[in-house]
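Residue numbers for the sequence shown follow this note's numbering, beginning at 212 and rising by one.
For reference, the structure discussed in these notes is given below.
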Amino acid sequence: MVFRVADLIVDILIAHGVDRAFSVPGESFLALLDALYERDEIDLVTCRHEGSASLAAVADAKLTGRAAVVMASRGPGASNAAIGLHVASQEAIPLVLLVGQVETPNLNRDAVQEIDTARAFNGLTKWSVRLETAAQVPEMMARAFSVALSGTPGPVVIELPADVLEMDAGLLSARAHGVARAEPSRAAVEQAATLLSDAERPILLVGGECRTAEFREDLVALSEHWNVPVAVTTKMQDQYPNDHRLWIGHLGFFLSPAHVGLFERADLIVAVGTRLGDLSSLGFRFPRKSPTSQPLIHVYPDPNAIGTHFHTDLPIVASAHPFVRSSLELPIVMRERDEWIEAVAKVRDAVHGWPERRIPSADVLGHAVAAIAKLSRADAVVTTDSGNFAGWVHRIFRFRPSARLLGSACGAMGSGVPSALSAGLRYPKRQVIAFCGDGGFLMTGNELATAVARRLNITIVISNNQSYGTIRTHQERAFPKRPWGTDLSNPDFAALARAFGAQGYTITSAAQAADVVAEAMSANGPVVIEVRSDVCQTIDRSLAAVSADVHGAPVA
Numbered sequence: 212m213v214f215r216v217a218d219l220i221v222d223i224l225i226a227h228g229v230d231r232a233f234s235v236p237g238e239s240f241l242a243l244l245d246a247l248y249e250r251d252e253i254d255l256v257t258c259r260h261e262g263s264a265s266l267a268a269v270a271d272a273k274l275t276g277r278a279a280v281v282m283a284s285r286g287p288g289a290s291n292a293a294i295g296l297h298v299a300s301q302e303a304i305p306l307v308l309l310v311g312q313v314e315t316p317n318l319n320r321d322a323v324q325e326i327d328t329a330r331a332f333n334g335l336t337k338w339s340v341r342l343e344t345a346a347q348v349p350e351m352m353a354r355a356f357s358v359a360l361s362g363t364p365g366p367v368v369i370e371l372p373a374d375v376l377e378m379d380a381g382l383l384s385a386r387a388h389g390v391a392r393a394e395p396s397r398a399a400v401e402q403a404a405t406l407l408s409d410a411e412r413p414i415l416l417v418g419g420e421c422r423t424a425e426f427r428e429d430l431v432a433l434s435e436h437w438n439v440p441v442a443v444t445t446k447m448q449d450q451y452p453n454d455h456r457l458w459i460g461h462l463g464f465f466l467s468p469a470h471v472g473l474f475e476r477a478d479l480i481v482a483v484g485t486r487l488g489d490l491s492s493l494g495f496r497f498p499r500k501s502p503t504s505q506p507l508i509h510v511y512p513d514p515n516a517i518g519t520h521f522h523t524d525l526p527i528v529a530s531a532h533p534f535v536r537s538s539l540e541l542p543i544v545m546r547e548r549d550e551w552i553e554a555v556a557k558v559r560d561a562v563h564g565w566p567e568r569r570i571p572s573a574d575v576l577g578h579a580v581a582a583i584a585k586l587s588r589a590d591a592v593v594t595t596d597s598g599n600f601a602g603w604v605h606r607i608f609r610f611r612p613s614a615r616l617l618g619s620a621c622g623a624m625g626s627g628v629p630s631a632l633s634a635g636l637r638y639p640k641r642q643v644i645a646f647c648g649d650g651g652f653l654m655t656g657n658e659l660a661t662a663v664a665r666r667l668n669i670t671i672v673i674s675n676n677q678s679y680g681t682i683r684t685h686q687e688r689a690f691p692k693r694p695w696g697t698d699l700s701n702p703d704f705a706a707l708a709r710a711f712g713a714q715g716y717t718i719t720s721a722a723q724a725a726d727v728v729a730e731a732m733s734a735n736g737p738v739v740i741e742v743r744s745d746v747c748q749t750i751d752r753s754l755a756a757v758s759a760d761v762h763g764a765p766v767a
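Rendered as structure tokens:
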């Protein structure tokens with residue numbers, strides 16, 4: 212039997228640690244699917260839409276720390292998968308998109324579904340390449356993984372012309388390139404330690420460049436070693452124990468004046484594993500540039516991401532974990548910062564300290580989330596789609612060291628269900644809970660069929676307020692009392708779930724939330740809990756009265 216390029220590609224994927232790929236099949240890469248037929252090293256997950264497949268792959272990369280793979284056909288398939296490229300680019304996630312292509316004789320002839328991915332996805336990807344000969348496959352494939360994982364991680368695209376996949380690969384073999392990891396110098400670590408020792412009100416701001424359990428453990432040790440409070444960037448709430456005395460909170464889409472006030476007082480910001488974009492810098496406000504600047508230590512593996520938006524007093528080109536490990540090796544005397552840590556505690560309690568008694572009595576969603584949080588396990592994997600509804604998750608849930616949180620830091624709607632799909636596949640024995648809005652669920656909720664087919668024990672919670680609620684919120688702020696184009700007419704989500712073969716439950720009042728949640732979360736297989744709420748309740752209470760209670764807009 213001929214050893215084809217398609218067979219070689221499968222060997223290369225396995226050599227790079229790929230054990231799962233997400234796909235919607237297409238005739239342009241049938242040879243690759245055939246090459247996977249007898250290879251149990253890779254679990255091929257057949258999705259119902261390429262956008263869902265790419266979002267699921269992004270989530271899998273977050274869970275494993277490895278480059279994830281999604282396969283799509285040319286033209287329409289690749290275009291549908293583009294949302295995953297955008298999310299991976301925005302959130303620095305290593306992603307490899309394998310795109311089937313027309314046969315090489317038909318390239319540049321406007322063949323059916325032909326697409327020039329390099330031109331189409333320019334600006335979304337770190338690199339795009341077309342495989343044209345068998346001889347170049349090992350090098351180009353290995354380079355693709357190296358590019359995806361190096362520096363600022365991100366997406367790459369590999370075009371696979373159908374005839375190239377069928378070529379004889381001869382004696383070519385799979386090779387995996389090593390990935391260079393930036394290590395900090397001893398001098399830089401010592402200088403950072405000196406600046407921290409001198410600071411009275413420092414903040415350690417941590418992003419998602421490294422999300423391993425070992426890193427999170429060392430991060431706690433370092434914060435205690437230095438006695439420095441920790442804030443995390445958007446959707447990274449699982450990076451640090453939420454019940455720790457040094458925990459500040461997570462910086463969300465809506466600015467909390469309490470967080471802004473705390474950052475105003477800081478006399479040193481240590482940014483680790485973040486590119487310091489608009490959300491992680493609270494709208495490019497911090498580190499403050501004037502009237503008095505705030506010293507900044509910026510630790511990131513890509514030098515092009517340092518000094519881009521802010522003057523950096525100490526730039527350190529290094530991955531987050533090596534920096535944290537090296538810092539722990541220094542004999543630092545912990546500085547007392549009682550007044551500063553007390554101020555941190557007040558902010559934390561105001562923004563994130565939400566006991567059930569503080570939830571407005573008529574807010575059905577708030578009480579449902581509280582009931583779910585009570586029944587969540589210590590190692591639960593929680594996914595959030597994008598929307599105002601997620602504010603209750605971030606306020607109420609207390610993420611412990613073994614828990615995981617998956618959400619789109621760039622606000623891509625539709626990520627909740629695909630992320631839960633990935634989590635359920637990666638951790639079949641762990642509790643997986645997805646929180647979605649009605650708008651986001653109807654973008655990718657068809658993957659409920661995939662979850663049913665795989666018999667995944669995932670719980671999907673849908674906030675049904677018959678509206679694109681977040682956009683309605685912005686609309687109310689910009690054009691008061693002129694809502695237009697943001698109302699939705701929705702199906703019965705519980706009945707829809709049952710039609711898919713899942714179990715469906717409905718919550719219509721705060722009083723029944725605890726009982727319905729308890730019944731639903733004791734069930735097996737995919738479960739959908741529809742929470743019917745009023746968009747006016749969300750806008751008026753959560754964004755007005757509730758916000759006033761914490762002196763600002765809610766965290767979302």
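Virtual Cβ for every residue (Gly too), placed ideally from N, Cα, C.
Predicted model, so just to flag it, every value in this text is computed and none were measured.
Cα-Cα separation, V269 to P629: Using only the alpha carbons, I get a separation of about 9 Å.
The alpha helix (DSSP H) enclosing E401, as first and last residue numbers: Counting along the chain, the alpha helix (DSSP H) containing E401 begins and ends at R397 to D409.
Residue(s) in a DSSP beta bridge with A482: BP columns for A482 point to L416 and H509.
Per DSSP, cross-strand counterpart(s) of L617: In DSSP, L617 forms a bridge with T594.
Pair within 8 Å by beta-carbon distance, A278 and L309: Contact flag unset, no.
Coil, strand or helix - N317 by DSSP: The three-state reading of DSSP puts N317 in helix, counting H, G and I together.
Option nearest L507 by Cα separation, candidates L525, A391, I253 and V235: Of L525, A391, I253 and V235, the residue nearest in Cα terms is L525.
DSSP bridge partner residues for A279 (one or two, in chain order): Paired residue(s): L306.
M545 burial status per 10 Å Cβ neighbour count (16 or more: buried): By the neighbour-count rule (16 or more Cβ atoms within 10 Å), M545 is not buried but exposed.
Backbone CA spacing between C647 and G627 [nearest angstrom]: Answer to the nearest angstrom: the Cα atoms are 6 Å apart.
Cβ-Cβ distance between L493 and V471 below 8 Å: Cβ atoms of L493 and V471: closer than 8 Å.
Spatially closest choice to P702 from V727, N676, F690 and E687, by CA coordinates: The shortest CA-to-CA distance from P702 to any of V727, N676, F690 and E687 is the one to N676.
Neighbour-count burial assignment, L219, 16 or more Cβ in a 10 Å radius: L219 counts as buried, since no fewer than 16 other beta carbons sit within 10 angstroms of its beta carbon.
Of the listed residues D230, H227 and V221, nearest to F240 (C-alpha basis): When D230, H227 and V221 are compared, the shortest CA-CA separation from F240 is found for V221.
Supposed contact pair V280 and D295 - C-beta distance, whole angstroms, cut 8 Å: Note on residue identity: the sequence assigns Gly, not Asp, to residue 295. No, G295 and V280 are not in contact; Cβ-Cβ is about 11 Å, not under 8 Å.
Assigned secondary structure, A705 (DSSP; H/G/I helix, E/B strand, else coil): Helix.
Assumed close pair A794, E325 - CB separation to whole angstroms, cut-off 8 Å: A query on residue 794 cannot be resolved here, the shown segment of the chain reaching from 212 to 767 and no further.
Residue from W603, V558, G635 and A391 with nearest C-alpha to P571: Of the candidates W603, V558, G635 and A391, the one whose C-alpha sits nearest the C-alpha of P571 is W603.
Proximal residues to S700 (C-beta, below 8 Å), its chain only, five neighbours per side dropped: Excluding sequence positions up to five before and after S700, its CB lies within less than 8 Å of the CB of Q677, all in the same chain and listed in chain order.
I225 to R641 span [Cα, whole Å]: Approximately 26 Å, taken between the alpha carbons.
Assumed close pair A393, A529 - CB separation to whole angstroms, cut-off 8 Å: About 5 Å separates the CB atoms of A393 and A529; that is less than 8 Å, so the two are in contact.
Alpha helix (DSSP H) segment containing I223, residue limits: Boundaries of the alpha helix (DSSP H) harbouring I223: V216 to A226, taken from the DSSP string.
Presumed contact (8 Å Cβ cut-off) between V439 and L407, rounded CB distance: Indeed they touch by this definition, with Cβ atoms about 6 Å apart.
Bounding residues of the alpha helix (DSSP H) (the contiguous stretch that carries D254): If you look at D254, you'll find it isn't in any alpha helix (DSSP H); it sits in the beta strand (DSSP E) that goes D254 to T257.
Identified DSSP bridge partners for F356: Beta-bridge pairing links F356 to no other residue.
Proximal residues to A246 (C-beta, below 6 Å), its chain only, five neighbours per side dropped: In the same chain as A246, and ignoring 5 residues on each side of it, the C-beta atoms closer than 6 Å to its own belong to A217, D218 and V221, in chain order.
R386 versus L376, F356 and P413, residue with shortest Cα-Cα distance: Closest by C-alpha distance to R386, out of L376, F356 and P413, is F356.
Residue of L274, M212 and G262 minimising C-alpha distance to R231: It is L274 whose Cα lies nearest to the Cα of R231.
Touching by the beta-carbon criterion (3+ pairs, under 8 Å), the segment 325-342 and the segment 250-264: A contact is defined here as three or more CB-CB pairs under 8 Å, and the segment 325-342 fails this definition with respect to the segment 250-264.
Inter-residue spacing [alpha-carbon to alpha-carbon] between V727 and I671: Between V727 and I671, the C-alpha separation is close to 13 Å.
Spatially closest choice to E475 from Y451, K500, D574 and D454, by CA coordinates: Of Y451, K500, D574 and D454, the smallest CA-CA separation from E475 is found for K500.
Under the three-state DSSP convention, the category N675 falls into: In this structure, DSSP gives N675 an extended state, which the three-state scheme calls strand.
7 Å CB neighbourhood of D489 in its chain, flanking five on each side removed: Cβ neighbours of D489 beyond the five flanking positions: F495.
Classification of H522 by the beta-carbon crowding that lies within 10 angstroms, buried from 16 upward: By the Cβ neighbour-count rule, H522 is exposed, with fewer than 16 other Cβ atoms within 10 Å of its own.
G463 (DSSP reduced to helix, strand or coil): Three-state DSSP puts G463 in coil, outside helix and strand.
Reference L479, options S434, I527 and L415, closest by Cα: The residue with the shortest Cα to Cα distance from L479 is L415.
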